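S.K.: Just so we're aligned, residue 2 is where the sequence shown starts under our numbering, counting upward by one.
The C-beta atom is built at its ideal place from N, Cα and C for all residues, glycine as well.
Computed from a prediction, not measured in an experiment: that's the story for all the values here.
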Amino acid sequence: MHSSLIAWIMRAIPFGTIIMYGALGETVTEKSGNLNLGVPGIMYLGGFAGFASAWAYENSVANPNGFVSILIALSCAILASMAGGLIYAFLTISLRANQNVTGLALTTFGMGVANFFGVFILNGASYSAAPIANKAFSAKIPVLSGLGDILLAVVLHWFLTRTRAGLNLRAVGENPATADAAGINVTLYKYLSTCIGAGICGIGGLYYVLDYNQGIWATTGQIEALGWLAVALVIFCLWRPLSAIWGSVLFGALMILYLRLTIPFIPTQLYKILPYVVTLVVLIIVSLRKKREDQPPTSLGLNYFREDR
2 MHSSLIAWIM
12 RAIPFGTIIM
22 YGALGETVTE
32 KSGNLNLGVP
42 GIMYLGGFAG
52 FASAWAYENS
62 VANPNGFVSI
72 LIALSCAILA
82 SMAGGLIYAF
92 LTISLRANQN
102 VTGLALTTFG
112 MGVANFFGVF
122 ILNGASYSAA
132 PIANKAFSAK
142 IPVLSGLGDI
152 LLAVVLHWFL
162 TRTRAGLNLR
172 AVGENPATAD
182 AAGINVTLYK
192 YLSTCIGAGI
202 CGIGGLYYVL
212 DYNQGIWATT
222 GQIEALGWLA
232 VALVIFCLWR
242 PLSAIWGSVL
252 FGALMILYLR
262 LTIPFIPTQL
272 YKILPYVVTL
282 VVLIIVSLRK
292 KREDQPPTSL
302 GLNYFREDR
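#1: Apart from the five residues on each side of it in sequence, which residues of its chain come closer than 8 Å, Cβ to Cβ, to Lys136?
#2: Taking Pro297 as the reference, which of Phe16, Lys32, Ile286 has the closest Cα?
#3: Based on Cα-Cα distance, which residue from Ser300, Ala180, Gly51 lies nearest to Val210?
#4: To the nearest angstrom, how far is the alpha carbon of Leu170 from that of Pro15?
#5: In the structure shown, what three-state DSSP assignment does Leu240 receive?
#6: Following the continuous alpha helix (DSSP H) through Gln296, name the residue where it begins and the one where it ends.
#7: DSSP beta-bridge partners for Ser129?
#8: Got a sec? Which residues, its chain only, sit under 6 Å from Met21 by beta carbon, not counting five neighbours each side?
#9: What number of angstroms, rounded off, separates the C-alpha of Tyr58 from the C-alpha of Pro65?
#10: From what residue to what residue does the alpha helix (DSSP H) around Asn101 run?
#11: Quick one: Cα of Leu239 to Cα of Val282, how far?
#12: Pick from Leu230, Met44, Ala74, Leu275: whose alpha carbon is nearest that of Asn116?
#13: Considering only residues of the same chain and omitting the five flanking positions on each side of Leu38, which have a CB-CB separation below 7 Å?
#14: In angstroms with no decimal places, state the Cα-to-Cα distance between Trp218 and Lys291.
#15: When you compare only the Cα positions, how much space is there between Gly111 and Asn214?
#16: Tell me which same chain residues have a C-beta within less than 6 Å of the C-beta of Asn304, skipping the five on either side of it?
#17: Consult DSSP for Arg97 and reduce its assignment to one of helix, strand or coil.
#18: If contacts are defined as beta-carbon pairs under 8 Å, then Val278 and Phe237 qualify, I think. What distance do you get, rounded to the angstrom?
#19: Could you tell me which whole alpha helix (DSSP H) segments of length 4 or greater appear in the stretch 22-104?
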């Protein structure tokens with residue numbers, strides 16, 4: 002029983018890691034007051050750009066180097082996903098488009114772009130592989146392996162609670178008009194947090210392709226599902242980066258519960274909605290408690306009109 006539980010948790014960690022990167026990136030974005038529902042699309046962009054660049058490098062060099070392949074993949078994944086975040090930022094911050102609609106459109110755009118190029122550019126096949134990048138990305142480094150996302154969560158917690166820039170960012174998310182009056186560049190903070198947050202989300206998409214999917218690009222909807230779970234995890238963890246560490250493992254475990262627990266007449270799809278059910282329960286409890294520190298940023302999802310200040 003004990004070994005079975007450990008095996009279940011160990012299998013849940015890869016899913017949790019992917020979700021955690023998406024959640025940490027979205028947390029940074031939402032702390033500025035921007036609600037980016039384009040996380041799944043951004044993860045698609047990051048995953049595809051990182052994979053495609055590694056694939057191109059491995060197929061154009063006689064003796065490809067694993068470290069170089071990973072460096073190229075990571076750089077391209079972050080840049081592509083930040084470009085997606087920049088599109089969202091320009092539409093919602095500069096043009097003041099509806100944040101919900103823009104985010105959903107970005108999800109559709111990111112999925113479409115990634116799957117289109119995945120089929121028609123990579124040798125015209127739905128499945129292509131980057132084995133060198135996969136081998137290097139999944140290599141186990143003593144002590145450091147598996148700690149990247151945890152270290153990122155700790156750094157973000159420190160940034161948001163202990164630095165002047167982090168406190169300014171939170172002020173922008175709570176009350177942009179007051180922050181603006183205090184001399185904080187609201188537009189700059191919103192742009193930077195949205196683009197940097199998107200870059201972090203893109204790492205989650207890259208992790209899915211190069212590690213969990215063993216360096217194979219497949220035009221499936223798995224990244225989309227994990228992207229939506231990342232958005233749900235932000236709410237579940239009450240916008241706290243450190244809580245995402247254990248929350249991501251819980252979500253990953255719930256997502257694969259159907260592999261460990263089978264109840265007759267209950268379809269697999271019902272097991273897969275458990276993370277959303279848990280998030281809904283947390284939302285209800287938080288709403289009833291009404292503690293300010295557990296609430297989302299006050300201006301979340303609201304566009305800022307400086308002339309109305």
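M.R.: If we stick to the structure as given:
#1: Its chain contains Gly67, Gly216 as the residues whose beta carbon lies nearer than 8 Å to that of Lys136, once the 5 sequence neighbours on both sides are disregarded; these appear in chain order.
#2: Of Phe16, Lys32, Ile286, the residue nearest in Cα terms is Lys32.
#3: Among Ser300, Ala180, Gly51, the Cα nearest to that of Val210 belongs to Gly51.
#4: Straight-line spacing of the CA atoms in Leu170 and Pro15 works out to 30 Å.
#5: First, the amino acid is wrong: residue 240 is Trp here, not Leu. The answer is coil: DSSP assigns Trp240 none of H, G, I, E or B.
#6: Unbroken run through Gln296: none, as it is neither H nor E.
#7: Per the DSSP secondary-structure output, Ser129 pairs in a beta bridge with Trp218.
#8: For Met21, where only same-chain residues beyond five positions count, the Cβ hits under 6 Å are Asp150, Ala245, Ser249.
#9: Within the model, the alpha-carbon separation for Tyr58 versus Pro65 is close to 7 Å.
#10: Element bounds for Asn101: 100-121.
#11: Rounded to the nearest angstrom, the two C-alpha atoms are 13 Å apart.
#12: Proximity to Asn116 across Leu230, Met44, Ala74, Leu275 peaks at Met44, based on C-alpha coordinates.
#13: Around Leu38: Asn101, Gly104, Leu105, Thr108, Val232.
#14: Whole-angstrom Cα-Cα distance: 44 Å.
#15: Taking the straight line from one Cα to the other gives about 19 Å.
#16: Spatial neighbours of Asn304 in its own chain (CB-CB distance under 6 Å, excluding positions within 5 residues in sequence) are listed in chain order as Arg97.
#17: Collapsing the DSSP output to three states places Arg97 in coil.
#18: Rounded, the Cβ-Cβ distance is 11 Å, inconsistent with contact.
#19: Fully enclosed alpha helix (DSSP H) runs of 4 or longer: 40-59, 67-90.
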